[in-house]
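A.B. asks:
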Amino acid sequence: MTEISSKFSPQEVEQKWYQHWMQNGFFDSNPDGREPYTIVIPPPNVTGVLHMGHMLNNTIQDVLIRRARMQGKNACWVPGTDHASIATEAKVVAMLKEKGIEKSSISREEFLAHAWEWKEKYGGIILEQLKKLGASCDWRRTKFTMDPKLSDAVIDTFIQLYNKGLIYRGVRMVNWDPKGMTAVSDEEVIHREVQSKLYFIAYEIEGENSKVVIATTRPETLLGDTAVCVHPEDVRYKSLVGKRCIIPFTGRTVPIIQDEYVDKEFGTGCLKVTPAHDVNDYLLGQKHNLETIDILFDNGHINSPATPYHDLDGIVARKRIVKDLEALGQLVKVEDIKNKVGYSERTDAVIEPKLSMQWFCDMEKMSKPALDVVLENKVKLVPEKFKNTYKHWMENVHDWCVSRQLWWGQRIPAWYSTDGRIVVAKTDVEALALFNQNESQSAITLADIRQDEDVLDTWFSSWLWPISVFDGFENPDNADIKYYYPTQDLVTAPEILFFWVARMIIAGIEFKHEIPFSTVYLTGIVRDKLGRKMSKSLGNSPDPLDLIQQFGADGVRMGMLLCSPAGNDILFDESQVEQGRNFANKLWNAFRLVKGWQVDDQLEQPSLNLTASNWIQEKLHITIATTEKYYSEYRLSDAMMTLYKFIWDDCCSWYLEMIKPVYGSPIDRKSYQEAIGMLENIVKLLHPIMPFITEEIWQALGTRTLAESLIVAEYPKYDEKKVATALSSKAEMAFGIIAEVRNLRSKRGMSPKEALNLMIKTGSKENYGDFLEVMKKLGNLTAIEFVETAPPSSVSFLIEKDECFVPLEMNDQDAAAEKQRIKEEMEYLEGFMKSVQTKLGNERFVANAKPEIVENERKKMADAESKLNTLRDSLTKLNG
RNA sequence: CGGGGCGUAGCUCAGUUGGUUUAGAGCGCUGCCUUGACAGGGCAGAGGUCAUUGGUUCGAAUCCAAUCGUCUCGACCA
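For what it's worth, the working numbering labels the leading residue of the first sequence as 163, then goes sequentially.
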C-alpha cells in the first residue's frame, strides 16, 4: 500500500480517463431502442473563453448527462458554439487594424475570409476547455451556428416567416450602436443610471423679442429639433402655441405645439422635439406631422452640414454647442440630474436612438402559444419563480429587430431591384424569377438586382438550435431529429431567458409544432464573495483552468455544486473548491485504507462486522432514496450534500472504523468484500459529480473490461428490503453513548486509550444488543453490563430514557462538577416541560388541535418527566 | 416609477400544505489530539429574540399587512 500516495493527485488521472472515455466512444450517442436523454448545450460565443458561469452551467449538464447514461438511458449531449456576430466582427476588425488593414478598404468577401480564418484558429478554444472540466459531450456532433446546414435553416426560416407575413421591413426607431455601427435589439441594451447634466436653453421666438426655455440632457440634438411642445393645460405657455421659435445655429424655425405627453413639472415644462433621435419624440412627430431631421452619421458623428459642428463626434459637439450657447447668452442654467442611459451590451457604447430601415420579426402572434406551454408546465421552469418573469415578458413582447449592419453572419435573403421592388428568396436566380414572374414587358436581369447588405441577429440562428443541430429543417424525417427531439433538459442562465429560451420555445412550436425541451433549469449567476457579478473589468473572476489545475476538476465541480442551490446566485469563494478537493482526498484515503488490508481466508466474520455491514447497507439505500428525490427536484446541491455526509460521516467515520482490523492484523474475506462493494457503490453514486477520481478508484478496485468502465456502470437503485433491518435508530443510540464516553474522557483530561466500563439501566435491552461490540470497540469500553440500580461513584448520562453509568474514582471536585451538570440538565427539562404544560393546560389547544398532536405533547411530557425523575435520583445519590 | 425575489449561526444555505423536543446542515471559529487511511485528518465545543412592527390562530421561522434593507427584471419623463 505504500506505493499509493496519501494525497490524491488529479492531473494525470484526469487526462488518462478523459482519453479513455473519448477513445472508446463512451460519449457518443446514436439512436437506438433505449429511452433518449438529450441536452443541447447553450452554445457559447465562439470568441469566448471559459468563465465561472460556463463552469457551473456545464458541470450541471454533465452531472445530468452522466447520471442518465448510468441509468441506462441513451444520453446525448450536443456541443457547439454560436457565431456571435458583433463580438466576432469586432475582434476581426481589431485584428485587421493591427495588421494595418481597415475594414472599409476591403471587400465583404475578403473580410469574411479573414473572419473564417480567425474562427478556425481561435473558435475551438472554449470547447477544449470544457474537456478539461470533464464534459461528456458527443464531440462528433459539434455544431457551429454558421455551419452550412444551420445557415440554410436560418435563411429558409426567414423566407418562410416573410411569406407568412411575420417578417417585415420598415423604418423604425432602433437602438443604434455607433461603435459597432449596427442596430441592436432591445434586449441588447443595458440601462444604467448615470450622473448627467440638464441644460436649460433659451430659443428665440420668431418675430418677437421674447424667448422660450427648454431643458435637455442632450443639447447637441437641438440641431435636429423640429418642434417645441408644451402641455395644453399649461397656462404659462398658452400664448406661445402656434408661434414659431428659432433653433440656434441652424436658422430654422419650428412650430410650438401642444400635447398631453409633456410633463408640466419636469424642467421648464417645454419640451424640444427631435423625432429622429428619441423614441417619444418620434411618436410625437408622427402624431403632429413633424419633419424628421437625422443629424447623426452611423459612427455617431454629427451630420449637420450647415453648422460648424458637422462631422464632430457627438460628445465633442455637445461641449462646443454648450460653450457657444453660453457665449450667445442662450444657456440659462445647468443642473445635475440622474438619468438612465442605454449602453450596448457588446461594445459598451452609448446607444443612440436612431431612425433606420430594418427588418423586424412580428412576435405577438407567435409568442402566445409559447406562453401557454410554460403556464401549463409543458415546459417546466426550475425554479418556478421564473414563470412570473417569463409571463410578464411574453405579454409585453415587442417586435424583434433582426437585421444587423454587419458582414459576419447569415446575409439577409432580400433582393432589391433598381426600380425599387423587394423580393425575398434563397438565391439571386430565384429572386430574379420572382421579380419577373408577372412581368409582361421588359424582364430585368441579374445586373439589375442587389442583395441586402445586412446580416441576421445571432439569436436568429440560436433560436433554431435544438432543431438545427439535428438537421431538422432540411431533413425533417431523419433518424436523429425523430429520436432526440424534443430534448429533455436545458440548463442555462436566467439572463438569457428571453434572448434565447423564449425564442427557442417559439421556434419549436412554429417550425416543429412541438416544444423543444421539457425542463429548463436556470442556474444562478456566479458572483464573487462580496456579491458582485464576476466580470473582466472588475478582475474578480478566477481563471477556471487555474482552479482545475490547483484543486482538480472533481474538486472544482463538487465545490461549485455544493454552494449552488437551484436558481440562487452563487457567491464563489475559493474555500468551496478547497472543500471539494478535501472531499476527493477523503474518498481517496478511504480507498487506500481498504485496499491496504491483508485478507485472511481462515477468519470468520465477527458479529460486529456483520452488524456494521447491514447497517451501512441500510444507510446506503436511505441515501439513494434521498438523493433520488433531490435529483427529481433538480436540487443538486442537496443531493451532493447528502452524498457528502453519507460518505464522510457514515462510511468513513463510522463504518470503516467499525470494521477496521487492529493495526497489523488481517481482516476476514467476507468483511473485506463487503467493504469493497460499499466503495463500488459510493463511486457509482458519485461518478456524475466527480467523474475522474471515481473512475480511477473503480478501475483500481477490480479488473474491468472496457464495457465495465464506471462511466457506463449501472447506477445504484433503491431497494426497500435493505432498509427493513431498521438498524439506524439503534445505531444512533450507540453513537450517542460513544460520543458521551469520548466527551467524558476529554473533559477529565483522560487519554482515549484509557479503557472504561459502562453500565446501562434500561427497560429495553434489545435496543443495544446489535451494537454492544461496536460500542466497546469505538468507545474503548472493556465491558458493558445492564444494571437495575446506579452503581456508586460513577459519572452518568442519559441516552433517550435510559441512564448510563461509567464507574470512576470521584473526588469532591468531580462530584461537584457532576452535580452541576445534572442540575443544568434538570433545569433544561423543567423549562421544556413548562412549555409543553402551557400547551396542554390550554383548553382550546386540547379542543382544537389534531388528536395525534395532543397525544404527542402528552408523550413529550411523560418522557421528560421520567428523565427528570432519573436525574433527581442521581442527584440524591450524589448528595447521599 | 413599476413587476418579482430574498432577509434564519461569522459565511453559504435547508427548514416539505402552521404543531416531532427550547430551530438544523456544511464551511469557518475555539479547545484538545499525531508512529497506526487521511493535519487536505480525528474528537469535542461555542455560536441564532428566524430583518422590524403589527395582525390571523389554541399555536407562527412558516399565513396576512406595513416598514426597513438587499438583489433582480422591466419602463417613454426630456
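Beta carbons are placed, not taken as given, at the ideal position from N, Cα and C, and that holds for glycine. Values in this document were obtained by computation on a predicted structure and should not be read as measured data.
(1) Roughly how many whole angstroms lie between the Cα atoms of L765 and I829?
(2) What residues in its chain sit with their C-beta under 6 Å from that of I419, if we drop five residues either side in the sequence?
(3) Below 8 Å on the Cβ atoms is my guess for G742 versus V718; work out the distance and round it to an integer in Å.
(4) Can you list the alpha helix (DSSP H) stretches of 4 or more residues lying completely in the segment 537–625, in chain order?
(5) Considering only the alpha carbon of each residue, which of M217, K915 and Q999 lies closest to M1023?
(6) For F428, is the classification buried or exposed, using 16 other Cβ atoms within 10 angstroms of its Cβ as the cut-off for buried?
(7) Can you tell me the Cα-Cα spacing of L733 and K807, whole angstroms?
(8) Going by beta carbon distance, what residues of the same chain come within less than 7 Å of K1029, once the five residues before and after it are set aside?
(9) In angstroms, rounded to a whole number, what distance separates the CA positions of S958 and V903?
(10) Can you tell me whether DSSP reads K923 as helix, strand or coil?
(11) Hey, which unbroken runs of the alpha helix (DSSP H) at 4 residues or more fall wholly within the segment 617–667?
(12) Determine the DSSP secondary structure at T164, reduced to helix, strand or coil.
(13) At 3 residues or longer, and completely inside the segment 211–291: list those beta strand (DSSP E) runs for me, N to C.
(14) Hey, would you say the C-beta of E965 is under 7 Å away from at least one heavy atom of the ligand HEM?
(15) Excluding the 5 residues preceding and the 5 following T412 in the sequence, name in chain order all residues of the same chain whose CB lies nearer than 7 Å to its CB.
(16) What residue range is occupied by the uninterrupted alpha helix (DSSP H) comprising R482?
(17) Taking M108 as the reference, give the member of D387, L782 and M217 with the closest Cα.
(18) CA-CA distance, S358 and T383?
(19) Rounding to the nearest angstrom, what Cα-Cα distance links L446 and L433 in this structure?
(20) What separation, rounded to the nearest whole angstrom, lies between the Cα atoms of Y365 and S266?
(21) Considering only residues of the segment 315–355, which uninterrupted alpha helix (DSSP H) runs meet the minimum length of 4 residues and lie entirely inside it, listed in chain order?
(22) Just mark F948 as buried or exposed, buried being the case when its beta carbon has 16 or more other beta carbons within 10 Å.
(23) Which residues in the same chain as D731 place their Cβ atom closer than 6 Å to its Cβ, once the five residues preceding and following it in sequence are excluded?
(24) Mapping DSSP to helix, strand and coil, what is C814?
(25) Note down the Cα distance separating W621 from G571, rounded to an integer number of angstroms.
(26) Using a Cβ-Cβ cutoff of less than 7 Å, which residues in the same chain neighbour P878 once the five nearest sequence positions on both sides are dropped?
(27) Determine the burial state of I1015: buried for a count of at least 16 other Cβ atoms within 10 Å of its Cβ, exposed for fewer.
(28) I think V564 touches D619, with their Cβ atoms under 8 Å apart; what is that distance to the nearest whole Å?
(29) Given G285, which residues of its chain have a CB within under 7 Å of its CB, disregarding the five upstream and five downstream residues?
(30) For the beta strand (DSSP E) holding F994, just list the boundary residues, first then last.
(31) Find out if the Cβ-Cβ distance for the pair E368, T415 is shorter than 8 Å.
(32) By the three-class DSSP mapping on this structure, what secondary structure does S518 have?
(33) Only counting runs of 4 or more residues, tell me where the alpha helix (DSSP H) segments fall wholly within the segment 753–832, in order along the chain.
(34) With a CB to CB cut of under 8 Å and the five nearest residues on each side skipped, what residues in its chain are close to A875?
(35) Could you tell me if N1010 is buried or exposed, where buried requires 16 or more neighbouring beta carbons within 10 angstroms of its beta carbon?
(36) Does the beta-carbon of E1017 have 16 or more other beta-carbons within 10 angstroms, so that it is buried, or is it exposed?
C.D. replies: Concretely, from the data shown:
(1) Each residue's alpha carbon lies about 7 Å from the other.
(2) A389, C391 and H450
(3) Rounded to whole angstroms, the Cβ separation of G742 and V718 is 6 Å, and the two are in contact under 8 Å.
(4) 548–556, 590–598 and 621–624
(5) Q999
(6) exposed
(7) In a straight line, the C-alpha of L733 is about 22 Å away from that of K807.
(8) Non-local beta-carbon contacts of K1029 in its own chain, meaning distances under 7 Å to residues more than five positions away in sequence, involve L960, K963 and L991 in chain order.
(9) Roughly 10 Å separates the two Cα atoms.
(10) strand
(11) 621–624, 627–630 and 641–646
(12) Unreliable positioning characterises T164 in this predicted model, as indicated by a pLDDT of 44, which lies under 50. The coordinate reading is nonetheless provided below. If DSSP states are grouped into helix, strand and coil, T164 belongs with coil.
(13) 236–240
(14) You won't find the ligand HEM in this model; it holds no ligand whatsoever.
(15) L385, A468 and T469
(16) G476 to L490
(17) Look at the range of the chain in this structure, 163 to 1042, and you will see that residue 108 is not part of it.
(18) 15 Å
(19) 11 Å
(20) Each residue's Cα considered, the two are about 40 Å apart.
(21) Correct list: empty.
(22) exposed
(23) G686, I687 and R689
(24) Correct three-state label for C814: helix.
(25) 11 Å
(26) I786, N843, K846 and L847
(27) exposed
(28) 5 Å
(29) V208 and T243
(30) No beta strand (DSSP E) holds F994; the alpha helix (DSSP H) holding it covers D974 to G1003.
(31) yes
(32) strand
(33) If one requires a minimum length of 4 residues, the alpha helix (DSSP H) runs lying completely within the segment 753–832 are 769–794, 798–807 and 818–821, in chain order.
(34) M232, K846, H849 and W860
(35) exposed
(36) exposed
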